[in-house]
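Residue numbers (this note's numbering), protein chains in the order written: chain A, 1 to 359; chain B, 1001 to 1359.
In this text, a Cβ means the ideal position worked out from N, Cα and C, and glycines have one as well.
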């Protein structure tokens, strides 16, 4: 087992990474506030892992409420969130109840937001079961649901008590989800960790073949990057925004096509390539750099072209981005491979040109 | 103008109290983060005060989005909250937009929760227009919406940047709302401020006649009590719960009858009398004390008997209270007039007896 810490003063917490951790309830117990937990999962992960996990907790004397949500980004909305509140209230879960998110990014984001707002805040634990959620969304306390006009528009910064990433569960992950997770792994290399990018380039086939050591290494190095950035800027006043490389374009794809048509990681991959193209137009990246960005995503089996929404629609959707300040869109771009910045320097004409070139 | 401060380290903020403050936009400007605000009110307060207030801000160069909600506790729900998000997103309000709640407790609670969660948090300002919101709900950062199974079950602790209480607007307050506000004023006297209780007993007729000085005095002394308690215990780990005198019984009335049938202050008044009766059963209050509690509420024109829901239904609804811990209901009771405690000492039989005696 590997352990990293997210350093946030009195809200610091550990990330535990390893194969088979889900089978050991003792890892979770020290972070449960009272004797009461609610395990919240979805109808895909639930049949695989809920029974054993919940029974393990019950065997340690905990009272366990189980709530199963419908799967998918299309359900990351108020209606599904309300089914969590309904379940908690009808089971009389009190303020001391610890919520445990057992699932991917959608489950984690929604359970985190439910924990932030149920009775004005209860403790929660992240047990991410997809590569994407293990390397990114389970760490750092960003919680949210979607709004028809924009992704993750309603949410809170609310940190978990711990993150338990069992890399063994990645063996049951659908191929498409594995690849989508790699988009966020690659992202860390691109924005701030050139040695990690080189390691990914060398080990991509091992990752795609689900080599256990390679996956554990990728999860750990990703989480270390994430933890460092979050510790430096918990509420995204500055550097944390660089974690959003490709996300402004990507969110436009997700919202424009309807949530769930593309996976989040797929949209981020196409968005990263658009961001690289735009960085080239600003004179920051070479043609070779852009090709390097395109190539690694292509090798990972990810989309290398954006959805054909039309540039006007992209720009309209991007105007809702949370990084807009005083009416100006700010984008995460690359000064170099391994060095991201957040900038308003790109002109509308250049943004349009990159969209048109990459779709 | 009187100014109090809520001392919460880097989230400290002022409460400004006085007649006519709403006409002076300069009071608000220093607390607006960017040049963009959204003023959110309801369809009763809006026609009276929105135009002049919003125009005053526009004249100072601010961009103002106006959102008007339906009035009443029955609308303190997700559907109405979503109309706030819809309005903010369709006006492209960004993360720097300051939300201003112009209205009573329902508007303030909902706008506060919208501010806590829109794009994971934007600044907000409370401009309370009812006595109840000026003396209680606008101060201290409790924000929430109701759930069919319980009042204020979904929300956040999220502090405003300032509170602007214009006591002149109380002249347009319906009589019933004025009386409901007095319930929370009386509460401060009962739980922690005997001299204030005596002052209220002496000045109740002036308050009911809307004497400007008396109202300003009541608002200031109430806010001072609230600010002290909140500064000591922002997230209700302990003493803050005493502000909930009468609220556990009261919330049962509000939820049991359907939100909005009784005003919040009316339910709290009946609840305070039940709490006094129960305190007597524990040997803490005398018959004379209980009569004193009943009498002041009666003189204020407030209900002195609870709604006839039946004791079983009360107990069922009270089991959802946020003060339940490890399955045990904790109640705010009176050790003496002017001294509240939070306690699990009352037996189910005594609670039942008090409900039956007071309904």
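Query                                                                                                                                                                                                 : Result
Mind listing, in chain order, the continuous alpha helix (DSSP H) runs of no fewer than 4 residues lying wholly within the stretch 1129-1209 of chain B?                                              : 1175-1192 and 1194-1208
For chain A, find out if any of its Cβ atoms is closer than 8 angstroms to the Cβ of residue 1118 of chain B; answer yes or no.                                                                       : yes
For residue 147 of chain A and residue 1115 of chain B, what's the separation of their Cα atoms in angstroms?                                                                                         : 15 angstroms
For the stretch 312-323 of chain A, enumerate the residues whose C-beta is nearer than 7 angstroms to any C-beta of chain B, in chain order.                                                          : 319, 320 and 322
Who are residue 13 of chain A's beta bridge partners in DSSP?                                                                                                                                         : A:6
Using a C-beta to C-beta distance shorter than 9 angstroms, which residues of chain A count as neighbours of residue 1147 of chain B?                                                                 : 82, 85, 86 and 89
Less than 8 angstroms separating the beta-carbons of residue 309 of chain A and residue 256 of chain A?                                                                                               : yes
At 8 angstroms on the CB atoms, spell out the chain B contacts of residue 78 of chain A, in chain order.                                                                                              : 1078 and 1082
Which class does residue 1225 of chain B belong to by DSSP, given the choice of helix, strand or coil?                                                                                                : helix
Write down the C-beta distance between residue 227 of chain A and residue 342 of chain A rounded to the nearest angstrom, noting that I regard them as a contact closer than 8 angstroms.             : Residue 227 of chain A to residue 342 of chain A, Cβ: 20 angstroms. No contact.
8 angstroms is my cut-off, CB to CB: does residue 325 of chain A come that close to chain C?                                                                                                          : Absence of chain C from the displayed structure is noted, the protein chains being A and B.
Just reading off the beta strand (DSSP E) that residue 103 of chain A is part of, what are its end residues?                                                                                          : 98-103
Please report the distance separating the alpha-carbon of residue 259 of chain A from that of residue 266 of chain A.                                                                                 : 12 angstroms
Please go through the stretch 275-310 of chain A and give each complete alpha helix (DSSP H) segment of 4 or more residues, from N-terminal end onward.                                               : 287-299
When the Cβ atoms of the stretch 1027-1036 of chain B are set against those of the stretch 1215-1232 of chain B, are three or more pairs found closer than 8 angstroms?                               : no
Between residue 123 of chain A and residue 138 of chain A, which are expected to be in contact by the criterion C-beta below 8 angstroms, what is the C-beta distance as a whole number of angstroms? : Actually they are not in contact, since the Cβ atoms of residue 123 of chain A and residue 138 of chain A sit about 15 angstroms apart, beyond 8 angstroms.
Name the chain B residues whose beta carbon is nearer than 9 angstroms to that of residue 74 of chain A?                                                                                              : Those within 9 angstroms of residue 74 of chain A in chain B number zero; the least Cβ separation is about 17 angstroms.
How would you list, in chain order, the residues of chain B whose beta-carbon sits under 7 angstroms from the beta-carbon of residue 155 of chain A?                                                  : 1117 and 1120
Three-state secondary structure (DSSP) at residue 1272 of chain B?                                                                                                                                    : helix
With DSSP as the reference, please indicate the residues paired to residue 113 of chain A in a beta bridge.                                                                                           : The partner list for residue 113 of chain A (beta bridge, DSSP) is empty, contrary to what the question assumes.
Can you give the Cα-Cα distance for residue 77 of chain A and residue 1064 of chain B, rounded to whole angstroms?                                                                                    : 28 angstroms
Whose CA, out of A:111, A:209 and A:150, lies closest to the CA of residue 159 of chain A?                                                                                                            : A:111
Name the residues in the stretch 1275-1299 of chain B whose C-beta lies less than 8 angstroms from a C-beta of chain A; which are they?                                                               : none
Between the beta-carbon of residue 1016 of chain B and the beta-carbon of residue 1001 of chain B, is there less than 8 angstroms?                                                                    : yes
Secondary structure at residue 69 of chain A, three-state DSSP: helix, strand or coil?                                                                                                                : strand
Against chain B, which members of the stretch 16-49 of chain A pass a CB distance test of less than 8 angstroms?                                                                                      : 34, 35 and 36
Pick helix, strand or coil for residue 80 of chain A, following the three-state DSSP scheme.                                                                                                          : helix
Does DSSP put residue 230 of chain A in a helix, in a strand, or in coil?                                                                                                                             : helix
How many whole angstroms separate the CB atoms of residue 1357 of chain B and residue 1277 of chain B, which I take to be in contact at a CB cut-off of 8 angstroms?                                  : 6 angstroms
Does the stretch 83-101 of chain A come within contact of the stretch 1148-1158 of chain B, defined as at least 3 CB pairs closer than 8 angstroms?                                                   : yes
Verify the contact flag: residue 286 of chain A, CB atom, against every heavy atom of the ligand COA, threshold strictly below 7 angstroms.                                                           : Among the ligands in the structure shown, none appear at all, so the ligand COA cannot be discussed.
Determine the closest residue to residue 45 of chain A out of A:83, A:333 and A:69, with distance taken between C-alpha atoms.                                                                        : A:69
Using C-beta distances below 6 angstroms, list every residue in its chain close to residue 289 of chain A, excluding the 5 sequence neighbours before and after it, in chain order.                   : 337
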